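In the working numbering, the protein residues as written are 8 to 510. First the structure, in the form of structure tokens, and then the observations on it.
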């Protein structure tokens with residue numbers, strides 16, 4: 008770690024401006040200059056591609072990726088024993104660690120029956136880069152697919168309206184026919200009965216045809232574009248193209264922010280003459296991640312001497328960018344709560360799709376890149392040549408520091424996978440919730456009880472609060488005006504006295 012300029016103290020104005028930004032961003036205002044200094048994730052050198060890196064199956068759109076466990080691997084870094092920081096390391100306030108993800112690769116609904124046979128491992132950065140950004144761009148990608156079938160979905164809407172009109176007309180005709188039958192019954196009962204029977208047969212035949220058409224239409228839609236989902240995403244907002252483009256820009260900005268955090272974001276803030284960096288790390292329970300502060304540009308040296316929110320709020324103030332952390336948090340959490348489908352969002356022609364269309368197509372780029380970037384079959388990770396155990400520094404002066412691997416050894420994903428495999432599920436974690444904070448709500452056993460963060464709650468409350476305050480203000484003004492009117496009216500109705508006499 009290199010000595011840098013002295014620590015910057017956050018001014019009070021930064022906090023005030025940050026609060027204003029939080030209030031503004033809740034309305035979905037996008038920015039085009041958000042975090043322009045995105046840094047690509049830097050992968051350490053490797054001794055070559057592993058033979059375990061290949062898949063035993065052909066990856067296609069029928070698969071899903073489901074999170075299983077986040078794992079920390081504690082590292083030994085020589086920089087930890089510099090005079091400036093060694094006391095903090097000994098107190099547990101600085102630790103070198105890197106996070107990895109175990110995930111399931113399963114087909115269709117098999118993710119609900121998680122087994123150990125389909126388990127893979129990849130570094131946290133590669134996982135978040137693809138899975139979290141997939142969730143952040145889902146709406147935009149879906150709308151891009153929907154835009155190819157605007158005419159089809161518009162025709163579906165018109166057809167539904169026509170069906171409603173036809174049903175209303177049929178009901179009216181039935182009423183008229185019923186009156187006619189009552190009149191005819193008095194004159195000719197037999198003719199009325201025959202007419203009624205004939206009408207019933209025609210109505211039954213028409214109903215069967217209508218039901219058959221609906222079933223055929225549903226089969227076509229299930230195999231193609233979901234027009235209702237296109238509408239739910241507001242993909243066909245023809246009345247406000249600027250708003251739709253703004254939403255797409257906003258989604259892109261959030262995805263960019265996730266990429267910046269995954270790539271280890273330089274904050275421009277300093278502690279003990281060391282620049283602070285921002286990224287993700289395993290939660291203490293291994294069931295998700297927390298956003299944390301690091302002391303190196305690869306985000307492997309975690310510290311609890313500063314909090315993510317404190318550093319990030321000062322960052323957005325000094326760089327004049329909007330606070331998208333609440334929105335990024337939503338999609339980052341989704342990466343650990345929801346399965347990511349590998350199916351490409353490329354719909355078949357609705358008029359030609361059929362139940363025979365069983366081809367799921369190629370896997371999307373997000374799924375493919377996870378394996379291209381080094382995901383390994385976890386069950387083949389055991390390496391007899393690498394024995395995992397308690398490692399100690401050879402120097403007796405630092406024998407108190409235990410670790411899983413050295414920093415250089417961790418550059419080889421094969422050795423990392425072997426170490427994690429030999430842990431046999433007994434994982435330890437570095438993140439300090441008490442000092443660094445958390446965005447999860449948990450019960451007494453540590454289980455996550457709420458998927459909604461306090462930051463998101465604050466954002467939503469701020470929006471609601473503004474509305475309530477406006478309504479409350481209008482109400483107060485109205486009540487005041489009402490009482491003022493009543494007092495004025497009462498005064499007008501009070502008797503006037505003039506010269507001791509009531510007039």
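We put the CB at the ideal spot given by N, CA and C, even for glycine. All figures in this text were calculated on a predicted structure; none of them were measured in a lab.
DSSP bridge partner residues for residue 112 (one or two, in chain order): 72
Element boundaries [alpha helix (DSSP H), containing residue 379]: 372 to 379
Contact under 8 Å by Cβ, residue 99 with residue 349: no
Straight-line Cα distance separating residue 332 from residue 450: 24 Å
CA nearest to the CA of residue 267, picked from 275, 282, 286: 286
For residue 335 and residue 421, the rounded distance between their alpha carbons: 31 Å
Per DSSP, cross-strand counterpart(s) of residue 288: 297
Span separating the alpha-carbon of residue 386 from that of residue 158: 49 Å
Proximity below 8 Å, CB of residue 72 to CB of residue 347: yes
Integer Cβ distance of residue 131 from residue 296, believed to fall under 8 Å: 7 Å
Residue(s) in a DSSP beta bridge with residue 455: 449
Nearest-angstrom beta carbon gap, residue 77 and residue 106 [assumed within contact, 8 Å]: 6 Å
Three CB pairs or more closer than 8 Å across the segment 77 to 89 and the segment 411 to 418: yes
Top-ranked residue by Cα proximity to residue 438, from 138, 151, 294, 135: 294
Unbroken beta strand (DSSP E) run spanning residue 276, endpoints: 272 to 278
Three CB pairs or more closer than 8 Å across the segment 438 to 447 and the segment 297 to 314: yes
Alpha helix (DSSP H) segment containing residue 438, residue limits: Careful: residue 438 lies outside any alpha helix (DSSP H) and carries neither H nor E.
Closest Cα partner of residue 374 within the set 139, 79, 244, 153: 139
Proximity of residue 133 and residue 111 at Cβ, strictly below 8 Å: no
Residues bridged to residue 127 (per DSSP): 110, 384
Pair within 8 Å by beta-carbon distance, residue 275 and residue 322: yes
Local Cβ density within 10 Å of residue 523, reported as buried at 16 or more and exposed below that: Absent from the structure is residue 523, since the part of the chain shown begins at 8 and ends at 510.
Cβ neighbours of residue 306 in the same chain (closer than 6 Å, five flanking residues each side left out): 271, 284, 286
For residue 67, the residue or residues it bridges with in DSSP: 369
Candidates 143, 448, 273, 243: closest to residue 153 by CA position: 243
Cα-Cα separation, residue 2 to residue 234: Outside the displayed range of the chain (8 to 510) lies residue 2, so it cannot be described from this structure.
Bounding residues of the alpha helix (DSSP H) (the contiguous stretch that carries residue 96): 93 to 97
Nearest neighbour of residue 511, chosen from 299, 93, 80, 115 [CA to CA]: One cannot answer for residue 511 here, as it falls past the ends of the chain, which runs 8 to 510.
Cα-Cα separation, residue 156 to residue 433: 51 Å
With 16 other Cβ atoms within 10 Å as the buried cut-off, status of residue 409: exposed
Collapsed DSSP secondary structure at residue 409 in the structure displayed: strand
Candidates 239, 372, 263, 388: closest to residue 426 by CA position: 388
Beta-carbon proximity check, residue 338 vs residue 265, cutoff 8 Å: yes
Simplified DSSP assignment, three categories, for residue 77: strand
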